[in-house]
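Numbering (our numbering), first residue to last: 35 to 268.
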């Protein structure tokens, strides 16, 4: 009797171990995610060069515009349009600094850049109306350096175009990430479906086994009947 129990015990343990320690087949193909899709696009040297170049140009032209208007404020011209120019300049500088010291995900970046694009367009429209529309200069703006103000107007236009290009770039990167995330989700579902055996499907339908969670395979404990049958067979 004792020898029979010794013979049955390893067989029962082998069934338990085989059913619990089943591992999913290794998949050499990486599943796509939002971040991996974006990084794959950024691996292109031309894309990285465009991103760096446009940030440098945005900083240079924002400084050129902001300093031009700041000089007039320092000379005592505290008109609303000049104050608005410094608000736009400040928001632009903060955005560039935050972008330089943080990791971009491109999930909401296009919204920030689109907002700055609209602000620069509004700034261009205000000062174009004041200095380049051909009408008499408004009261409060006539004592400024007209040459510097006219040049600053066109710098505002350049800033608008730069942020428009940047916003379009971020929109494309966001769409790339969303497409990669959707593709990865479909791949994970296909993997889980392919890893199921006919026996797993029957057990799931019978309520014995639960569907496998993401990243794991279906696992179940041996049934009592299987353990008893194995012990008797031993």
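Ideal placement from N, C-alpha and C gives every residue a C-beta, glycine not left out.
Bear in mind the structure is a predicted one, so any value in this text is a computation, not a measurement.
- Considering only residues of the same chain and omitting the five flanking positions on each side of residue 52, which have a CB-CB separation below 6 Å? Confidence in residue 52 is poor, its pLDDT being 42 and thus under 50, which makes the residue's placement too unreliable to answer from.
- Item | Sequence-distant residues of the same chain with beta carbon closer than 6 Å to residue 148, five excluded per side | 201
- Message: Could you tell me the alpha carbon to alpha carbon distance between residue 120 and residue 87, rounded to whole angstroms?
- Response: 24 Å
- Any idea what DSSP makes of residue 262, helix, strand or coil? helix
- Task: Please report how far the alpha carbon of residue 70 lies from the alpha carbon of residue 141, in whole angstroms.
- Result: 13 Å
- Segment contact, 8 Å Cβ cut-off, at least three pairs: the region 147-167 with the region 214-228: no
- Item | Local conformation of residue 142 per DSSP, three classes | coil
- Message: Going by DSSP, what residue range makes up the alpha helix (DSSP H) through residue 193?
- Response: 180-228
- Same chain, Cβ closer than 7 Å to residue 269, neighbours up to 5 away in sequence not counted: The structure shown does not extend to residue 269, since the chain is modelled only from 35 to 268, so the question has no answer here.
- How should residue 179 be labelled, buried or exposed, when 16 other C-beta atoms within 10 angstroms of its C-beta is the threshold for buried? exposed
- Message: Quick check: what's the CA-CA separation for residue 117 versus residue 91?
- Response: 23 Å
- Message: Cutting at 7 Å between CB atoms, please list the residues of its own chain near residue 194, excluding the five before and the five after it.
- Response: 151, 154, 155 and 158
- Alpha carbon to alpha carbon, what distance is there between residue 229 and residue 192? 56 Å
- Query: Does DSSP put residue 174 in a helix, in a strand, or in coil?
  - Reply: coil
- Skipping 5 residues on each side, what residues in its chain have a beta carbon closer than 7 Å to that of residue 172? 164
- Query: In its own chain, which residues sit with a C-beta less than 7 Å from the C-beta of residue 162, not counting the 5 before and 5 after it?
  - Reply: 187
- Simplified DSSP state of residue 147, which is helix, strand or coil: helix
- Item | Assigned secondary structure, residue 167 (DSSP; H/G/I helix, E/B strand, else coil) | coil
- Item | Three-state class that DSSP yields for residue 133 in the structure shown | helix
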